[in-house]
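Undergrad:
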Amino acid sequence: MKQTPAMDEIQRQMQPGIITRDGFLGRDRRKLVDILDDDNAEVNRLGLTHEAIARRMRELRDAGRKGIGLATRVGQGFEVQVDSVRGKLPCPFGHAGLVQKINTTVKNLASGREITYTDLNIHMIGEHGFYEGRGSAFRLEPSHLKEILAIPESPPPPSPDMPQGLP
Amino acid sequence: MLTAFLISVGVMCAITAVLAVLMIVADATIANYGEVKIAVNDSREITVEGGRPLLSTLKDEQIFIPSACGGRGSCGLCKLKITEGAGEPLPTELPWLSPDEQRQKVRLSCQIKVKNNLRIEIPEELFNVKQYEAEVTAIRDLTYDIKEVRLKLLAPGEISYRAGQFIQFEVPAYELTSEPVYRAYSMSSDPARNGEIEMEIRYVPNGICTTYVHRHLKEGDKAIVNGPYGDFYLRETDRRIVFVAGGSGMAPIKSILHQMVNENNARSARYFFGARAARDLFLLDKMKEFEQQLPDFEFIPALSEPDPGDDWSGERGLITEVVARRVEGAADTEAYLCGSPLMIDACIEVLKEKGMPEELIYYDKFA
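Protein chains in written order, with this note's numbering: chain A, 397 to 563; chain B, 104 to 470.
Here it is in structure tokens:
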């Protein structure tokens with residue numbers, strides 16, 4: 397797909413020093429459209445959807461809030477800590493409003509692996525399928541999210557020639 | 104027809120983007136605003152070179168406005184009044200300014216470029232803020248993720264502050280930042296020992312300052328701080344006191360307890376400290392010392408999820424649950440809270456349910 401001028405402007409917003417000190421792209425030199433395409437393909441390969449990933453991230457964050465800032469067990473499989481720092485950030489894709497700087501750290505107790513994501517990550521994945529560029533401090537690999545957050549594969553979308561609601 | 108329309112829109116967007124970039128480049132390289140005068144509190148006038156953000160311009164004049172995001176407009180901390188010369192609030196400021204603040208001409212100093220003469224108002228206490236050169240004299244682990252850092256002040260050699268206030272610590276350029284940045288930390292030290300500053304800094308993954316302190320800073324290093332800032336300090340009343348903290352929120356409360364010892368303060372005080380497990384507790388000996396030095400002080404640590412090996416006979420549960428169990432008749436009590444915003448918000452609700460007037464609840468959020 398060709399990158400539009402509107403996406404050029406979004407990519408400019410993602411550069412260091414515009415919205416955040418380090419930006420959203422890390423050392424990635426690809427066009428934004430290619431970053432989105434590549435991650436979309438990876439998410440499809442994993443049998444997931446961006447919406448399902450964002451939903452799981454949100455569920456664990458909400459469950460972790462009961463620790464009021466301390467790490468807390470969530471179910472049998474996770475330890476979750478939700479914390480926030482001063483400030484709010486706008487979405488680089490131009491959504492209205494600001495997103496509170498809330499960090500969620502999830503530890504998968506079976507594997508011992510953990511991952512940290514922000515509320516802005518949840519928004520950008522769910523709404524835009526954007527996981528940040530390679531080398532960005534907050535880049536989230538879809539495969540890591542699937543493994544650490546134990547996200548089940550999403551059911552395949554209904555075939556276009558099969559009427560909705562039929563088995 | 105549709106193709107022609109889309110091409111037209113695309114061309115217009117491209118021209119607009121190119122013009123915007125040209126304006127930014129021209130503003131940064133060609134524009135010369137010359138000397139600009141800034142009237143401060145109608146009592147002082149400074150002459151500065153125009154063209155830079157007001158926040159950094161004032162810093163060069165030794166006027167320090169607190170800021171937690173390094174001037175990116177994402178913390179909303181660097182507010183001051185600009186009564187003349189700044190025009191209308193910018194779109195980047197509006198999310199941070201209430202309608203009342205907009206009426207009072209409050210602005211974000213990091214977003215205002217100094218282009219013409221300005222008239223500004225700054226809280227008087229900020230004139231007590233100074234920049235200090237210091238030397239790191241001690242670093243020790245309080246827990247697996249919190250370090251205590253002690254600084255000896257070199258120039259100026261002494262600082263005057265209220266127990267509970269915070270300073271800004273400068274992180275020099277290193278692998279995580281290409282330019283110096285400032286981060287705010289409460290002082291945990293005894294305010295009577297005015298030649299040194301102590302901070303408690305918890306490691307935050309990817310945190311520019313906390314990574315620097317935990318991985319790079321060492322004893323003997325030079326450091327730059329500025330301060331003091333903040334209105335979190337012990338009010339002079341006879342009311343009973345409830346302190347609540349978690350993690351490095353210990354810092355300002357510890358400083359206030361030093362002050363109470365120094366002043367032979369006999370007020371009744373209960374300090375609820377929330378941690379997850381025993382390995383998250385620290386300074387227990389110091390708290391015992393305070394219990395012996397103060398006539399009516401009790402330190403009440405609570406563990407929310409003790410580890411299996413923890414031999415713990417103290418309070419259990421979230422700190423909000425412990426406060427709810429232990430605090431009664433709070434109408435004549437005041438509270439001082441420091442820690443995670445989630446913890447503070449939850450504690451405020453509990454204390455209000457216990458009858459504590461909201462105006463007697465003072466807090467210092469890590470936010």
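Glycine residues also receive a C-beta, built at the ideal position from the N, C-alpha and C atoms.
According to DSSP, simplified to helix, strand and coil, what is B/Gly323?
TA: coil
Undergrad: So the candidates are A/Asp515, A/Asp434, A/Pro488; which of them puts its Cα closest to the Cα of A/Pro412?
TA: A/Pro488
Undergrad: On the three-state DSSP scale, how would you describe A/Gln399?
TA: coil
Undergrad: Starting from A/Lys484, find everything on chain B with Cβ-Cβ shorter than 9 Å and list it in chain order.
TA: Ser177, Cys178, Gly179, Pro198, Trp199
Undergrad: Assign A/Arg452 to one of two classes, buried (16 or more other C-beta atoms within 10 Å of its C-beta) or exposed (fewer than that).
TA: buried
Undergrad: Using 8 Å as the threshold, is the region 429-440 of chain B in touch with the region 300-320 of chain B, meaning 3 or more CB pairs across them?
TA: Three or more Cβ pairs closer than 8 Å define a contact, and the region 429-440 of chain B falls short of that threshold against the region 300-320 of chain B.
Undergrad: At least one CB of chain A closer than 9 Å to the CB of B/Thr436: is that the case?
TA: no
Undergrad: According to a CB-to-CB cut-off of less than 9 Å, which residues of the region 139-172 of chain B neighbour chain A?
TA: Ala171, Cys172
Undergrad: Measuring straight from C-alpha to C-alpha, what distance separates B/Val209 and B/Gly179?
TA: 11 Å
Undergrad: Skipping 5 residues on each side, what residues in its chain have a beta carbon closer than 7 Å to that of A/Leu505?
TA: Gly473, Phe474, Glu475
Undergrad: Where does A/Ser539 land, buried or exposed, given buried means 16+ other C-beta within 10 angstroms?
TA: exposed
Undergrad: Apart from the five residues just before and just after B/Gly137, which ones in its own chain have a Cβ nearer than 8 Å to its Cβ?
TA: Glu152, Gly153
Undergrad: Would you tell me roughly how many angstroms separate the C-alpha atoms of B/Lys321 and B/Pro275, rounded to the nearest one?
TA: 14 Å
Undergrad: Do we get a CB-CB distance below 9 Å when we pair A/Phe534 with the residues of chain B?
TA: yes
Undergrad: Who are B/Gly377's beta bridge partners in DSSP?
TA: DSSP output for B/Gly377 lists B/Gly349, B/Ala405 as bridge partner(s).
Undergrad: So, helix, strand or coil for B/Asn144, using DSSP?
TA: coil
Undergrad: Going along the chain, which residues of its own chain have a beta-carbon closer than 7 Å to the beta-carbon of A/Val423, five neighbours each way excluded?
TA: One detail in the question is off: residue 423 of chain A reads as Arg in this sequence, not Val. Closer than 7 Å at Cβ, skipping near neighbours: Arg530, Gly531.
Undergrad: Let me know the secondary structure DSSP gives B/Asp248 once reduced to three states.
TA: Three-state result, B/Asp248: coil.
Undergrad: What residue range is occupied by the uninterrupted alpha helix (DSSP H) comprising A/Ser539?
TA: A/Ser539 -> alpha helix (DSSP H) spans 538-544.
Undergrad: Which residues of the region 277-310 of chain B have a Cβ closer than 9 Å to any Cβ of chain A? Give them in chain order.
TA: Leu279, Thr280, Ser281, Glu282, Val284, Ala287, Val307, Pro308, Asn309, Gly310
Undergrad: Just to confirm the assignment: which complete beta strand (DSSP E) runs, minimum length 3, are found wholly within the region 493-526 of chain A?
TA: Within the region 493-526 of chain A, the beta strand (DSSP E) runs of at least 3 residues that lie entirely inside it are, in chain order, 494-504, 510-514.
Undergrad: Less than 9 Å between CB atoms is the rule here; does A/Ile464 satisfy it with respect to chain B?
TA: Look at A/Ile464: its C-beta is under 9 Å from a C-beta on chain B.
Undergrad: At least one CB of chain A closer than 9 Å to the CB of B/Met446: is that the case?
TA: yes
Undergrad: Could you check whether the Cβ of A/Thr500 sits closer than 9 Å to any Cβ belonging to chain B?
TA: no
Undergrad: Would you kindly work out how many angstroms separate the C-alpha atoms of A/Gln496 and B/Ser416, rounded to a whole number?
TA: 38 Å
Undergrad: Using three-state DSSP, classify B/Val239 as helix, strand or coil.
TA: strand
Undergrad: Shortest alpha-carbon distance to B/Phe400 belongs to which of B/Met390, B/Val328, B/Pro409?
TA: B/Met390
Undergrad: Determine the direct distance from the alpha carbon of B/Met302 to that of B/Tyr277, and round the result to whole angstroms.
TA: 21 Å
Undergrad: In whole angstroms, what is the alpha-carbon distance linking A/Met558 and A/Asn440?
TA: Any reading at A/Met558 must be qualified, since the residue scores a pLDDT of 48, below 50, and its modelled position is unreliable; the value itself is stated next. Approximately 20 Å between the Cα atoms of the pair.
Undergrad: Identify the contact partners of B/Ala449 in chain A, using a Cβ-Cβ distance below 7 Å as the criterion.
TA: Ile464
Undergrad: With a threshold of 9 Å between beta carbons, is B/Glu408 in contact with chain A?
TA: yes
Undergrad: Between the Cα of A/Arg509 and those of A/Lys542, A/Leu494, A/Asp479, A/His519, spot the shortest distance and give me the residue it belongs to.
TA: In this structure, A/Lys542 is the residue among A/Lys542, A/Leu494, A/Asp479, A/His519 with its C-alpha nearest to the C-alpha of A/Arg509.
Undergrad: Classify B/Lys357 as helix, strand or coil using the three-state DSSP reduction.
TA: helix
Undergrad: Checking contacts by CB at 9 Å: is B/Arg210 closer than that to chain A?
TA: no
Undergrad: Pair every Cβ in the region 255-267 of chain B with every Cβ in the region 227-242 of chain B, then say whether three or more of these pairs are closer than 8 Å.
TA: yes
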